Each structure stands twice: as structure tokens, then as C-alpha cells.
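Numbering (numbering that gives the first Met the number 0), first residue to last: 0 to 214.
Reviewing the structure listed below.
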Amino acid sequence: MKRLMFTLAICSLVFTSAQAQKQLGGEHNVEVNLSPFGNSPIDGTTIKYRNFLDDDAAFRVSLTVGTSSDTYAFYQEGEMLGDPVSPQLNLESATTVIGIAPGYEMHFDGTDNLSPYFGVEAYYMMGSRSDKMEFWGPNDLDNVGQPDVYIVWDLTNKQSYSSMGLNLLFGADYYFSDAIYVGFEAGLGFGMSSFGNHEIGTSDLTAFNIQFNGA
């Protein structure tokens, strides 16, 4: 898995002179990711803390916590004929993720303002995805063919997952001042993922059986 990432520091606790220069050791930085080519330019789901042990070495750890949900209108009985007879049926999707990635950076000579580095980090993440689809139909065999008494019911599909691995990183930080810098980082990752069983559920078992089992 290849990864390309930009980082932008929004808060840095540094204790250096008034001249703009790179790290000297002892600095504590907090960063968020900047993804100019993504849907959201600033990724607020991941925060990285970095502690410079010396001017050429830093410990880092990234924490990821994220949730998202979307709702789509996907079907309405009779809509193709211009005479819908059912309520609008929706498809909902929700995801959650949490992860941690400790690592180590080795910085090299660049310029007074530029600090290139190589690094390594291990990561562990876990999350889940849930999809819910709405249906419209009878919830009693006696009501089959009587749309005036049909109900809206839903079918859910949930699955959890976890992943772990190792990333080899290279990047550079450019310091505009002692407290503000922009960083570029890219890397090559190796990992493995495992997925839990699908958990299928429904809000109305009778309607489910009529829809899919004919009984």
C-alpha cells in the first residue's frame, strides 16, 4: 500500500531563538493532515504528536478517530412511470474507525529551514461499517397485493475489521518560523487486515421472509 500525505502543523511548542530555524531538540509538535487533492482539504480525523529527542531524532505517534454517515434516496415504487405509490426509500451507510501509529524519525542535514527525514511507524486500526436499506412491502401474507397497507421496513448489514502493519516513510519539513512549518511525507506500507462476519438484521422478520423467501 503506497501512501502520499501532506502535513501541516497547527500548533508547535518550541523553545528556540527568534530566528526561523528547524528543530534543535526538545520541541513538542502537534500536527493535522492536509490533503489538497481529497474531498476534505484538512483531515481532522488524525492528529500526530511529535517530540524531538535531539536535533536529528524524533518520536511520533498518530491517533485516528473518525465517523461518517451518508443517506441516499435510491428507489420509489412507480417512479419510472411518473406515479410513485410508495414512500421514498433510502440507503444509509455509516463507518467508524479508531487507530494508533507510533513511530520514529531520523532527520538529516538540509538547510537552516529545511529538515529532511526518514522514518518508520507501526500502526493498528479497527473499525466497522453498517449499511441499511429500506424496503416497502407487506408484513402479513394476507396483505400481499394490497399496497395500501404495505409498510416500510429495513435490512441492515454490519461488519467489523482490523488492520495492522508497518510504514517506511520519507519526508521533509520546511520552517517558516520557529512555530510554523509545512511538511511533506510519503511512504510505503506493508500490512494485513482481517474482517469479521457479516451481521444481517431486519426491522420486520415477517416482511423479510415475504420479500426474500416468499413466505
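Glycine included, each C-beta is placed from N, C-alpha and C at the ideal position.
The model shown is predicted, which means the values in this text are computed figures rather than measured ones.
Q. Per the contact definition of three or more C-beta pairs closer than 8 Å, is the region 101–113 in contact with the region 73–89?
A. no
Q. Going by the CB atoms, is the gap between S67 and T94 shorter than 9 Å?
A. In the sequence shown, counting from the first residue as 1, residue 94 sits at position 95. In the sequence shown, counting from the first residue as 1, residue 67 sits at position 68. It is a contact, given that the beta carbons lie within the stated cut-off.
(Q) With H, G and I counted as helix, E and B as strand and the rest as coil, what does DSSP make of A206? (A) In the sequence shown, the residue the question calls residue 206 occupies position 207. Helix, per DSSP.
Q. Is the beta carbon of Q75 within less than 8 Å of some heavy atom of the ligand HEM?
A. Ligands in the displayed structure: none, and consequently the ligand HEM is not present.
(Q) Taking the straight line between their C-alpha atoms, what separation do you get for R128 and S92? (A) If you number the sequence shown from 1, residue 128 lands on position 129. If you number the sequence shown from 1, residue 92 lands on position 93. Distance between the alpha carbons of R128 and S92 is about 7 Å.
**Q.** Other residues of its chain near V151: CB distance less than 6 Å, five sequence neighbours each side excluded
**A.** Looking up residue 151 in the sequence shown gives position 152. Correct list, in chain order: P86, E133, W135.
Q) Over what stretch of residues does the beta strand (DSSP E) that includes M79 continue unbroken? A) As a position in the sequence shown, residue 79 is number 80, starting the count at 1. Taken as a continuous stretch (DSSP letters only), M79 belongs to no beta strand (DSSP E), as it is neither H nor E.
Q | Complete runs of the beta strand (DSSP E) confined to the region 80–161 [at least 3 residues] | A | 88–106, 113–136
Q) Run through DSSP, which three-state label would F233 get? A) Any property of residue 233 remains undetermined from this structure, which presents the chain solely from 0 to 214.
(Q) Can you tell me whether N212 is helix, strand or coil according to DSSP? (A) One-based indexing of the sequence shown puts residue 212 at position 213. Three-state DSSP puts N212 in a helix.
**Q.** Inter-residue Cα distance where the pair is T201 and V60
**A.** Counting from 1 along the sequence shown, the entry for residue 201 is found at position 202. Counting from 1 along the sequence shown, the entry for residue 60 is found at position 61. Whole-angstrom Cα-Cα distance: 41 Å.
Q.
Please classify G286 as buried or exposed, where buried requires at least 16 other C-beta atoms within 10 Å of its C-beta.
A. The structure shown has nothing for residue 286, since the chain only spans 0 to 214.
Q. Within 10 angstroms of its Cβ, does E198 collect 16 or more other Cβ (buried), or is it exposed?
A. Here residue 198 refers to the residue found at position 199 of the sequence shown. Exposed, since its Cβ has fewer than 16 Cβ neighbours within 10 Å.
Q.
Going by C-alpha to C-alpha distance, which of N32, D147, F51 sits closest to G43?
A. In the sequence shown, counting from the first residue as 1, residue 43 sits at position 44. Among N32, D147, F51, the Cα nearest to that of G43 belongs to N32.
Q. CA-CA distance, V148 and N138?
A. As a first step, residue 148 is located in the sequence shown; it is residue number 149 there, counting from the start. As a first step, residue 138 is located in the sequence shown; it is residue number 139 there, counting from the start. Computed Cα separation, rounded: 9 Å.
Q) Taking Cβ to Cβ, would you say Y116 is nearer than 9 Å to A171? A) Here residue 116 refers to the residue found at position 117 when the sequence shown is read from its first residue. Here residue 171 refers to the residue found at position 172 when the sequence shown is read from its first residue. Contact: yes.
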